[in-house]
Amino acid sequence: MTQKIMALVEKTCTKKKPPQFSIGDTVDVHCRILEGDKERIQIFSGTVIARSGAGTREMFTVRRIVAGEGVERKFPVHSPRIAKIVVKRSGRVRRAKLYYLRQRVGKATRLRERHGVVLPGAETEETPQGQ
Numbered sequence: 164m165t166q167k168i169m170a171l172v173e174k175t176c177t178k179k180k181p182p183q184f185s186i187g188d189t190v191d192v193h194c195r196i197l198e199g200d201k202e203r204i205q206i207f208s209g210t211v212i213a214r215s216g217a218g219t220r221e222m223f224t225v226r227r228i229v230a231g232e233g234v235e236r237k238f239p240v241h242s243p244r245i246a247k248i249v250v251k252r253s254g255r256v257r258r259a260k261l262y263y264l265r266q267r268v269g270k271a272t273r274l275r276e277r278h279g280v281v282l283p284g285a286e287t288e289e290t291p292q293g294q
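Numbering (this note's numbering), first residue to last: 164 to 294.
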């Protein structure tokens with residue numbers, strides 16, 4: 164009984180089209196920031212190193228290097244504070260959690276690119292025909 168009630172509550176809070184990305188992808192997370200009565204978008208770019216949870220409690224962790232220091236940030240997938248998530252590059256990985264990247268610096272943090280896979284919802288550029 165309680166699972167049915169929780170499912171109903173979670174259904175109202177989840178996004179209709181959740182963003183499609185996976186572990187190892189390099190993403191741009193567009194966050195809504197409130198400053199006083201103004202709202203602006205701030206972009207956090209990095210590599211997705213973990214996903215956890217399910218339903219409205221689903222979270223993902225993005226890691227990037229800023230001034231030689233590693234910065235990680237956790238985001239809820241279904242948060243209204245996240246405007247959009249743009250996948251810039253798909254990484255080919257063989258693990259569900261990429262915590263080993265914490266010990267690596269520089270070029271050692273690069274992941275091999277996954278070719279030939281088009282994620283649903285990924286934005287593609289099309290060139291007009293005849294030009």
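All residues carry an ideal CB built from backbone N, CA and C; glycine is no exception.
Strictly by DSSP, which residues pair up with residue i?
i    : result
Q205 : C194
E276 : G254
P239 : M222
Of all the options the options, which has the alpha carbon lying nearest to the alpha carbon of residue i?
i    : options                : result
E202 : A246, L264, R277, T272 : A246
S236 : R220, Y263, T210       : Reading off the sequence, residue 236 comes out as Arg, not Ser. Of R220, Y263, T210, the residue nearest in Cα terms is T210.
A230 : G269, L261, R214       : G269
R244 : R265, V172, I206       : I206
S215 : R267, K260, M164       : K260
R252 : A217, T177, G279, T219 : G279
L171 : G218, P181, Q183       : G218
T272 : C194, D200, F184, R227 : R227
Within 10 angstroms of its Cβ, does residue i collect 16 or more other Cβ (buried), or is it exposed?
i    : result
I204 : exposed
T189 : buried
T224 : buried
L197 : exposed
V234 : exposed
By the DSSP assignment, the alpha helix (DSSP H) with residue i in it spans what residues?
i    : result
V172 : 165 to 176
Could you spell out where the beta strand (DSSP E) holding residue i opens and where it closes?
i    : result
G231 : It is not in any beta strand (DSSP E) - G231 carries neither H nor E in the DSSP assignment.
A246 : 245 to 252
How close, in whole Å, do the beta carbons of residue i and residue j come, if the pair is a contact with beta carbons under 8 Å?
i    : j    : result
V256 : I186 : 6 Å
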